[in-house]
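Reading through the structure tokens given below for one structure.
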Amino acid sequence: MRVLLTGWASFLHGEATAGDVLSLRAAGAALSAAGIEHDVAWSPGFRPDRLHLGDAAVEDYTHVVFACGPVHGPQLRELHERYASCRRIAVGVSVADPADAAVTGFHRILPRDDAATAVPDLSLAATTSRAPVLGIVLASRQPEYGAAGRHDEVHAALTQWLAGLDCARVPLDTRLAHENWTRCATPDQFVSALSRVDVVVTTRLHGLALGLKAGVPVCAVDPVAGGGKVTAQGRALHWPVLAANEAGDAALLDEHLAWCLSRGGPAPAVPGAGSSLDGLIDELVGQR
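Just remember that our numbering sits 20 ahead of the position in the sequence shown, which is counted from 1.
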């Protein structure tokens, strides 16, 4: 017996959701625990260096298992046709139309849900490890810096570096909006969001200042050659800021992120803005 384990994450034009991949992980662990030899087929768009469905020879397998998601559509019908000589089993799937050829093509279905069934999703049986959560706050172009602005280059380097990290990336925007649900409507909401991440990665002054205000270490990069307001704010808050020309140094970014993550608890207390506010009041009403 040899099983080919498949799911929606196996199809070139399918999609690899977190639930799909965890369900495949759970099914694979169950097969391994039972001593059943198996391979997992992945979409080349998701895992280009792994076994792909088109390379999984029919004659190498006695069974095909399809895990998670809806049993519907032409891709599943093609799976039945390609592996017609194998016994085909679906597990942890949703059956909306029991007469669909995608459904009837299986020899056995162990549904997650159908007209009479509702059982816990396979993803709940999978083991997971904790990954750091990074809040990403990037600045838009700042024309006041003219030719010194390096926003495009810095952001290209940062996002390439971020894409290769084993972390959860949460894009955050300091711009507030009442009608756009993807943004915070108040600054209190924004600071609350920052307080939930492990590290803030930012090229914005307020990404740095409000991240520290929220008690979170900040990996800050100034997108202005020679240093702009992010660098100045770092000096004011006694917090390190990387220069624009350091954004392409992945090893340095790794080191700085590791330093931020190693800090554990809240970041150092941030100096208040009292002196500036006192100066404002003095300017308006005279020194007291």
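Glycine is no exception: its CB is placed at the ideal position from the N, C-alpha and C atoms.
Query	Result
For Leu182, I'd like the list of residues in its chain whose CB is within less than 8 Å of its CB, leaving aside the five on either flank, ordered along the chain.	Leu154, Ile156, Arg189, Val221
Work out the CA separation of Ala278 and Lys249 for me, nearest whole Å.	24 Å
May I ask which residues mark the beginning and end of the beta strand (DSSP E) holding Gly89?	83-90
Should Glu57 and Val23 be called a contact, given that it needs their Cβ atoms to be closer than 9 Å?	yes
Does DSSP classify Ile56 as helix, strand or coil?	coil
For Ala110, which residues does DSSP report across the bridge?	Phe86, Ile129
Is the beta carbon of Asp40 less than 9 Å from the beta carbon of Gly89?	yes
Kindly indicate which residue of Cys239, Gly268, Thr137 has the alpha-carbon position closest to the one of Leu281.	Cys239
With Arg2 as the anchor, note down where its beta strand (DSSP E) starts and where it stops.	The chain is shown only over 21 to 308; residue 2 falls outside these bounds and no answer can be derived.
Thinking C-alpha only, which one of Asp186, Thr223, Val123, Thr137 is nearest Asn265?	Thr223
Taking the beta strand (DSSP E) that Val220 falls in, what are its first and last residues?	219-222
Who does Ala252 pair with in a DSSP beta bridge?	Looking at the DSSP assignment, Ala252 forms no beta bridge with any residue, so it has no partner.
Straight-line CA distance for Gly306 to Leu178?	46 Å
For Leu232, count the other beta carbons within 10 Å of its own beta carbon; 16 or more makes it buried, fewer makes it exposed. Which is it?	buried
Do the region 136-146 and the region 93-110 touch if we need at least three Cβ pairs shorter than 8 Å?	no
Buried or exposed, going by whether 16 or more other CB atoms sit within 10 Å of the CB of Pro131?	buried
State the DSSP-derived secondary structure class of Thr26, mapped to helix, strand or coil.	strand
On the three-state DSSP scale, how would you describe Gly39?	helix
Once you ignore the five residues that flank Ala245 on each side, which residues in its own chain have a CB closer than 6 Å to its CB?	Ala168, Arg170, Ala264
Let me check one thing: in DSSP terms, what residues is Gly155 bridge-paired to?	Val190, Val220
Taking the alpha carbon of Asp186 as the reference point, which residue from Ala145, Val211, Ala151, Ala159 has its own alpha carbon closest?	Ala151
Does the beta-carbon of His127 have 16 or more other beta-carbons within 10 angstroms, so that it is buried, or is it exposed?	exposed
Tell me the DSSP secondary structure of Leu99 in three-state form.	helix
State the Cα-Cα distance for the pair Thr37 and Ile129, rounded to the nearest angstrom.	21 Å
Tell me which residue opens and which closes the beta strand (DSSP E) that Ala138 is part of.	Premise fails: Ala138 is in no beta strand (DSSP E) and is neither H nor E.
For a test of the three-state rule: what should DSSP assign to Val4, helix, strand or coil?	Past the edges of the chain, shown from 21 to 308, lies residue 4, and the structure says nothing about it.
Assuming Val91 contacts Ser105 under a Cβ cut-off of 8 Å, what Cβ separation, rounded to an integer in Å, is found between them?	At roughly 20 Å, the Cβ-Cβ gap does not stay under 8 Å, so Val91 and Ser105 are not in contact.
Rounded C-beta distance between Phe66 and Thr26? I'm assuming under 8 Å.	Going by Cβ atoms, the distance from Phe66 to Thr26 rounds to 13 Å, so no, they are not a contact pair.
Using only the alpha-carbon positions, how far apart do Asp193 and Val261 sit?	20 Å
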